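As structure tokens, the structure follows; a few thoughts come after it.
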Amino acid sequence: MARIRPLPARRLCQACKPSQFKFRTTADLEDLTDVVGQERAVEAIRFGIGIQREGYNLFALGLSGTGKRTTIRQFLEQKAAGEPIPSDWIYINNFEQPHKPRAIQLPPGHGVVLREDMEGLVEELRTAIPAIFESEDYRTRRQEIEEEFKEQQEAAFGEVQKKAQERSISLIRTPVGLAFAPLHEGEVVSPEDFQKLPEKERKKVEGEITELQEQLQETIYQVRQWERDARERTKELDREVAMFAVGHFIDELREKHTELPEVVEYLTAVQEDVIENVDEFRKTEEAPMMGIPLPPSLTGELLFRRYQVNVIVDHSESEGAPVIFEEHPTFNNLIGRVEHIAQMGALVTDFNLIKPGALHRANGGYLILDARELLLQPFAWDGLKRILRSREIRIESLGQTLSLVSTVSLEPDSIPLDVKVILIGERLLYYLLYQYDPDFGELFKVEADFNQEMARTPENHLLYAQLIAMLARKNALRSFDRRAVAQIITRSARMAGDAEKLSIHLLSIADLLREADYWAGVSGNGVVRAHDVQRAIDAQIHRADRLRERVQEQIQRGTILIDTEGERVGQINGLSVLMLGNFAFGQPSRITARVRLGSGKVVDIEREVELGGPIHSKGVLILSSFLGSRYAPEYPLSLSASLVFEQSYGGVEGDSASMAELCALLSALAKVPIKQPLAVTGSVSQHGEAQPIGGVNEKIEGFFDVCKARGLTGDQGVVIPASNVQHLMLRQDVIEAVKEGQFSVYAVETVDQAIELLTGVPAGERRKDGSFPPGSINQLVEARLIGFAEKQRAFESSSEKEKSTGKEG
Amino acid sequence: MNKPNDEALFRRILVALDASHHSLAALEAAVELAVSMKAKLRGLYVEDVNLLRAAGSPVTREVRFPSVTAAQLDSARMERQLRAQARQARRALAAACERREIEWAFDVVRGEVAHEVMAAAREADILILGKVSRPLVRKARLGSTALTAAVQAPCCVLLLQRDESIRPPVAVTYDGSPAARKALRIATRLAQKNGGYLAVLIVAETSQEEYRLQADTADWLRRQSVLVHYQLVQEKSVSALIQVLQAEQSGLLVLSDTILHLAELQKLLGEVDWPVLLVRAREPKL
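Line order of the protein sequences matches chains G and W.
Positions 9 to 817 (the working numbering) are the ones given, in order, by the first sequence.
Positions 59 to 344 (the working numbering) are the ones given, in order, by the second sequence.
Below, the structure is given as structure tokens:
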């Protein structure tokens, strides 16, 4: 087998070369016209916005900070600007059923006009109506009616009275009515005197009284009828006068809004209502109710509220279709609400208290919502779905819907809805909603999936530079020179953890730009230079790496035992990655293996104590399978091995240590020591192939830091799977050390290559006769395993013999 | 006019009560006057003997309100109803007087109403009563008792109708007669209690006369701390008087009995809404 050579320094980091750029600073670059690296999402957005079908709402999914919101806004605003301005909507009083306010659709900008017209009308009527009712003409006509009634009344009673007088009978007022009594010389005849009268006389008087009494009753009825007539005529007069006062103003408005039949109809209803309630306009001063002075808002003004116009959607100043982003998508903020006013301790409401929601404002355009915010608000998601399905906005208070409160409330007309909703959220939310909400797929048919990485090509490098230029301008930062841009691109590849990818996590990039600009400012640079960027990166790391430093310190002080010199049997340096917030760092761990005769089991101590996760256990089981199938397949696997992550007190997850574990096990079996200056990472297949792992850069750097602190010897290095080489974006100091031959990175394809590197002993390939070359690792391992198996067999047969002799004896 | 005017003008006030709205207005005015004059207030309810007679008569029929049903009158019921009215009147009087801490008395007498009221008025300095009681026609102006009082009462008479009260400004007629002097004194006193503004209506046919009468009062009025405004009434007629009073927006008219003849007085009382206080110089011959 060919000897594995360390990777040359140039393969350890694909740094972006400043020389490929022609510009001097980003000030020379133009803004990007397209969204960089999001072809799929952009296409989906274009499609989603373009298609005018039910249910084609959008869900923009992806990591937060990938520019979803900005991209969508940008697209929508472009698109919306060229679209027609939607209608205004107003709520007006329903004079027949005040609890069901009517909604009217008006051409854009018309709502406010009508509102002002109505305000003007009420104002006019409040002066015109009292004026006309105070006019001499009106008063004369009214007095005429009253006088006529009075005359009729007086004449009628006068007649009765006269008739009574003629017959010497007096009409007297009793405490509860009227009575007729016979009169003699101006005084009522006493009963005794009356009795003295002759029978005939008495009868006559009695008859006359009965007759008078009947006439009086008739007269009273008649007078009451006249009174009613007079009232009716007064009312008729009022109506006539009011009609005269109102008609003129209303006609003017009807003329103005003649092309809007609904408005004309409404104005006619207003006219009827004003005439019906003309007395309200005639009250010039507010009389306190039951002696209790009321706040002004609740008395006179309240009566005129019913002629107001509640403009719920006003597009008088809009240009194009609306694009609304609702930051706080509560149920009420989305679909609107009906507010109440406390009046004498009771809650009252009217159509003027209907308040629009984001859906009203976005009607005819676009509504952007944050999916997480939406789902966090009680009932908001359900409410939104219901409205999207029914395609009309019906305002219902939550309290009413849930029958929690029963104050007086309204049932406003629903308003037809035509809106495209764009939800923005994490991928997890999208997939969960898709899985668990049957309506979701129906209502949000378009997914715009935002990448967080893009391919790294020379063309993309230039696009990326343009992106940097654009972000710098947008954030009002200094320009970045060529080298700084190259540095940022290199950093971006490292953030993506891949030499062939660039991160388009715009949030982190913008942060880096802002911080680099800050440092440029600190050093007094007019443009941001590469070392400002480096300083920003270093500072970011430094702010986050307290724990990394602590781990390194513990290794240096020997609290965490890591050997970087010498050779040990069954002991190896594995590498793990710790992720804290958005900062990851590598840490070497000592892995040890012990073997003895046993029942063929590899014990993963981590798993036994439940510190190892399922993927880790899987890796260990693959090891046993590898051992069993590769070595002495005809023999039972008669070893008992144990593997342990030394000094690991937290959990271990992932299979990236499985190659290290296998090498430790092989070393223990072959009794060949492993070189401690080396560390290993990589997972392994059942056939012994090295497989790629994540965080390769952090792992190498983690071990490098330990070695560097102790002094680089030139023997030290890290063994990685060959398939991870494409991910290498190592730190500059690592690359320098490699260049000087003080540190090495080896790429291996199989576990055999790894064990050879680690022990310096050839692994050995199976020869034609089926055996491994003597002295090779594989031969030593197989011999050991066969030895175990034979011992096991001998042990079993002797114990069986003992059993049988025991039986015989 | 040089008599000092410190004596109380009214010590004994008589108010005729019949529990109607008009009589309640009279009661209210009486209480106000009693408070400002520190006078004793006497309420009088007259059980109308005509009613009782009518009730006893076998032929009398009553038409009751508001149902307009006819029924036989009966004495016992009439007695009860009169007693109830008397109680109501007494309650109203007692409540008003006790609230304002006025010395009061209440009497119920039986007889012919006007006659009994006139009799009681002999022991009073002022008689206060409603212009009407319970009129059949809504806008009736002057009842028979009020008319009798206006003509025959031996003392001053204050006539009110429902919803009216003594309120400023006070207007007084002056023609130089003793009754007019007394009226001026009373009006001044009332003006002091009611806003401090007094309209003096000089009744004179010539400007010379007017000048004389004005000079006659000016000296005395200057010392009374009231704001005086003179107006001329050129003829002793109702229309002339009403015209001036309307211009003054008068709240109470103090009228000496020398100004108008009986028929004119009756006409005036029938036409004006505001309260009228009739002042007599001496007791009329009955």
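Every residue, glycine too, gets a C-beta built ideally from N, C-alpha and C.
All values reported here derive from a predicted model rather than from experimental measurement.
Counting C-beta atoms within 10 angstroms of its own C-beta, G/H513 has 16 or more neighbours from the protein chains shown and is therefore classed as buried. Cα atoms of G/Q460 and G/N705: separation of roughly 19 Å, rounded to the nearest angstrom. Judged by DSSP secondary structure, G/T218 falls within the alpha helix (DSSP H) whose first and last residues are 207-264. Assigned with DSSP and collapsed to three states, W/Y232 falls in strand. Here G/M352 carries a coil assignment [DSSP, helix/strand/coil].
Per DSSP, the unbroken alpha helix (DSSP H) holding W/C155 starts and ends at 133-158. Using a CB distance cut-off of 8 Å, W/A128 counts as an interface residue toward chain G. G/E267 is outside the set of residues whose beta carbon lies under 8 Å from a beta carbon in chain W.
Here G/V610 really is in contact with G/V628; their C-beta atoms are around 6 Å apart, less than 8 Å. Under the three-state reduction of DSSP output, G/S178 falls in the strand class. Closer than 8 Å to the CB of G/L205 there is not a single CB belonging to chain W. The beta strand (DSSP E) runs lying completely inside the segment 44-81 of chain G and spanning 3 residues or more are 66-69, given in chain order.
For W/E222, same chain residues with a beta-carbon under 7 Å away, outside a window of 5 residues either side, are A83, D331, W332, P333 in chain order. For the 8 Å CB-CB criterion, W/L185 and W/L320 do not form a contact.
W/T206 places its beta carbon 8 Å or farther from that of W/L187.
Residue state for G/I630 is assigned as helix, using DSSP reduced to three classes. Counting the other CB atoms within 10 Å of its CB gives W/M95 a total of 16 or more, which places it among the buried residues.
At a cut-off of 8 Å between beta-carbon atoms, W/T118 makes contact with chain G. Across the structure, W/Q282 and W/C214 are spaced so that their CA atoms are roughly 22 Å apart. Chain W has a Cβ within less than 8 Å of the Cβ of G/G185.
Fully enclosed alpha helix (DSSP H) runs of no fewer than 4 residues occupy 79-95, 107-114 of the segment 76-131 of chain W, in order along the chain. For G/I743, there is no enclosing beta strand (DSSP E); the residue is found in the alpha helix (DSSP H) stretching over 740-747.
Between G/E195 and chain W, the shortest Cβ-Cβ separation is below 8 Å. Judged by DSSP in its simplified three-state form, G/A388 adopts helix. Residue ranges of uninterrupted alpha helix (DSSP H) with 4 or more members are absent from the segment 636-670 of chain G; none lies entirely inside it. By alpha-carbon distance to W/R157, the top candidate from W/E137, W/A92, W/A77 is W/A92. In this structure G/I343 touches G/G391 by the C-beta definition: roughly 6 Å separates them, less than 8 Å.
Close to W/G114, with beta-carbon spacing below 9 Å, are these residues of chain G in chain order: S198, P199, E200, F202.
A straight-line Cα-Cα distance of about 7 Å links G/L20 and G/I743. Out of G/G749, G/V727, G/Q740, the CA that lies nearest to the CA of G/T758 is found in G/V727. Ranked by how close their Cα comes to the Cα of G/V319, the residues G/G117, G/R48, G/R739 have G/G117 in first place.
For G/I93, the secondary structure class from DSSP, reduced to helix, strand or coil, is coil. Contact check for G/G749 against G/G722 passes: the beta carbons are separated by less than 8 Å. A distance below 7 Å between beta-carbons, with the five flanking residues on each side excluded, links G/L510 to the following residues of its chain, in chain order: E461, M462, R464, N468, Y472, I497, S500, A501, A504.
C-alpha of G/Q203 to C-alpha of G/P190: approximately 12 Å in a straight line. Membership of G/P596 in any alpha helix (DSSP H) is not indicated; the residue belongs instead to the beta strand (DSSP E) covering 591-605.
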